[in-house]
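A.B. asks: Can you read through this structure? Questions will come right after.
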Amino acid sequence: MPLIDIRDLSVSIPTPDGDVHAVRSVSLEIERGEIHGVIGESGCGKTMTGMAVLGLVPKGARITAERFHFDGEDLREKAQSLRGRHIGLISQDPAAALNPVLSIARQMDDVIRAHRDLPRKARRAEAASLLAATGLPDPERVLKSYPHQLSGGMQQRVVIAQALATGADFLIADEPTTALDVSVGAQVLALLRRLVAERGLTVLMITHDMDVIAEACDRATVLYAGRSVETGPVEAVLNRPGHPYTRALLAALPDAAPHGARLAAIEGSIPPPRSAIAGCAFAPRCPQAMPVCAAEPPPERVRGTHRWLCHLPEDAA
Ligand SMILES: Nc1ncnc2c1ncn2[C@@H]1O[C@H](COP(=O)(O)OP(=O)(O)O)[C@@H](O)[C@H]1O
Ligand code: SF4
Ligand SMILES: [Mg+2]
1 MPLIDIRDLS VSIPTPDGDV HAVRSVSLEI ERGEIHGVIG ESGCGKTMTG
51 MAVLGLVPKG ARITAERFHF DGEDLREKAQ SLRGRHIGLI SQDPAAALNP
101 VLSIARQMDD VIRAHRDLPR KARRAEAASL LAATGLPDPE RVLKSYPHQL
151 SGGMQQRVVI AQALATGADF LIADEPTTAL DVSVGAQVLA LLRRLVAERG
201 LTVLMITHDM DVIAEACDRA TVLYAGRSVE TGPVEAVLNR PGHPYTRALL
251 AALPDAAPHG ARLAAIEGSI PPPRSAIAGC AFAPRCPQAM PVCAAEPPPE
301 RVRGTHRWLC HLPEDAA
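Each residue of the sequence shown is one higher than the last, beginning at 1 in the numbering used here.
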């Protein structure tokens with residue numbers, strides 16, 4: 001049984017101008033011990049998918065799904081209680097995740113105290129040990145610091161240590177390196193890989209950067225306009241992509257393009273989130289679109305554990 005088992009998830013947010021279909025149909029299976037990348041342009045529903053798993057959708061949002069399970073439990077009922085106990089969040093902006101007026105020692109202690117019944121000295125030792133586990137060289141100094149005294153990369157390590165302190169074994173990392181320098185971001189990815197190997201964690205890695213998929217992930221799912229359109233092992237998705245959107249993402253990757261600014265290079269834009277979509281959402285931008293594409297939902301194409309949705313026959317990919 002996969003740790004995360006999501007089938008046909010949708011999240012709609014009512015607004016005065018009509019429903020925003022933030023997530024239209026996402027299916028996602030994440031096995032224990034893998035780093036599963038979720039990639040797509042801005043606005044494709046990556047963050048909202050993660051927020052739904054965390055039980056943090058906006059007030060009034062409607063969630064529907066055929067299956068929406070974490071470790072066999074229905075997330076529609078259990079997300080609130082699983083968050084912070086089994087599921088942790090690492091967000092894009094570590095500075096915003098930390099309280100600017102409290103020392104790291106106090107913030108680590110608040111988390112450890114909430115989850116573990118330990119005397120004060122043992123909690124302090126645990127805090128130092130968790131900070132050391134994230135590769136921070138001088139945990140005692142970090143504990144005495146305030147967030148602004150730490151670099152972005154150090155802050156992100158503190159956020160990761162806090163997530164570990166809750167005992168969470170599943171982490172949702174939402175663009176965890178976007179706010180960091182390329183080399184510091186690479187170190188944070190290496191840290192997550194090490195923690196997965198050493199502690200048996202499972203990670204949902206949200207990104208708009210194919211390099212992050214290639215560097216850090218075992219499997220990947222591509223989202224387009226709120227739908228999962230392709231999923232599979234990273235080598236298959238990168239080397240033999242099935243969906244024309246995935247191919248366009250990869251083609252938009254000239255080696256010289258600035259890191260992180262790349263997905264903008266596909267011509268056209270994603271459909272507005274309030275519109276209804278009849279056939280394939282990518283049809284207006286797809287170089288291989290056929291008349292059927294705009295009218296009929298595309299069928300699933302399967303190559304082992306590599307799957308995608310497209311009207312093109314499997315051998316065309
Ligand atoms: N609170 C909200 N109210 C209305 N629309 C929202 C809200 N949050 C996100 N959206 C919309 O939902 C869509 C998906 O957003 P998001 O999941 O943040 O995309 P991504 O993380 O892939 O960039 C976007 O069109 C976004 O504008
Ligand atoms: S279904 Fe048609 S429009 Fe959509 S990706 Fe496939 S070929 Fe392109
Ligand atoms: Mg996002």
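Ideal Cβ positions, reconstructed from N, Cα and C, are used throughout, including at glycine.
Just checking my contact of L3 with F70 at CB under 8 Å: how many whole Å lie between their CB atoms?
C.D. replies: Counting from 1 along the sequence shown, the entry for residue 3 is found at position 3. Counting from 1 along the sequence shown, the entry for residue 70 is found at position 70. Right, the Cβ-Cβ distance comes to about 7 Å (below 8 Å), so this counts as a contact.
A.B. asks: Nearest-angstrom Cα distance between L180 and A163?
C.D. replies: Your numbering for residue 180 matches position 180 in the sequence shown. Your numbering for residue 163 matches position 163 in the sequence shown. Rounded to the nearest angstrom, the two C-alpha atoms are 19 Å apart.
A.B. asks: In the DSSP assignment, find the unbroken alpha helix (DSSP H) run with S145 in it and report its ends.
C.D. replies: On the sequence shown, residue 145 is found 145 positions in, with the first residue counted as 1. No alpha helix (DSSP H) holds S145; DSSP gives it neither H nor E.
A.B. asks: Assign M205 to one of three DSSP states: helix, strand, or coil.
C.D. replies: Here residue 205 is taken as the residue at index 205 of the sequence shown, counted from 1. M205 falls in the strand class under three-state DSSP.
A.B. asks: If we ignore side chains and look at the alpha-carbon of each, how far apart do R301 and S27 end up?
C.D. replies: Position 301 of the sequence shown, counting from 1, holds the residue named residue 301. Position 27 of the sequence shown, counting from 1, holds the residue named residue 27. Rounded to the nearest angstrom, the two C-alpha atoms are 14 Å apart.
A.B. asks: What number of angstroms, rounded off, separates the C-alpha of D17 from the C-alpha of P272?
C.D. replies: Position 17 of the sequence shown holds residue 17. Position 272 of the sequence shown holds residue 272. Distance between the alpha carbons of D17 and P272: 12 Å.
A.B. asks: Compute the distance between the beta-carbons of D19 and R274, then report whether it is under 8 Å.
C.D. replies: Residue mapping note: residue 19 aligns to position 19 of the sequence shown, counting from 1. Residue mapping note: residue 274 aligns to position 274 of the sequence shown, counting from 1. Yes, Cβ-Cβ distance for D19 and R274 is below 8 Å.
A.B. asks: So which of G135, S151, A79 and E77 has the shortest CA-CA distance to L98?
C.D. replies: The count along the sequence shown starts at 1 and reaches residue 98 at position 98. The residue with the shortest Cα to Cα distance from L98 is S151.
A.B. asks: Going by alpha carbons, who is nearest to D366 out of V182, T305, Q187 and Q156?
C.D. replies: The displayed coordinates of the chain run from 1 to 317. Any statement about residue 366 would go beyond what the structure contains.
A.B. asks: For the alpha helix (DSSP H) holding H115, just list the boundary residues, first then last.
C.D. replies: What you label residue 115 is simply residue 115 of the sequence shown in a count that begins at 1. Note, H115: alpha helix (DSSP H), I104 to H115.
A.B. asks: Mapping DSSP to helix, strand and coil, what is S183?
C.D. replies: If you number the sequence shown from 1, residue 183 lands on position 183. Residue state, collapsed to three classes: helix.
A.B. asks: In three-state terms, what does DSSP make of I266?
C.D. replies: Counting from one through the sequence shown, the residue named residue 266 turns up at place 266. Note: I266 maps to coil in three-state DSSP.
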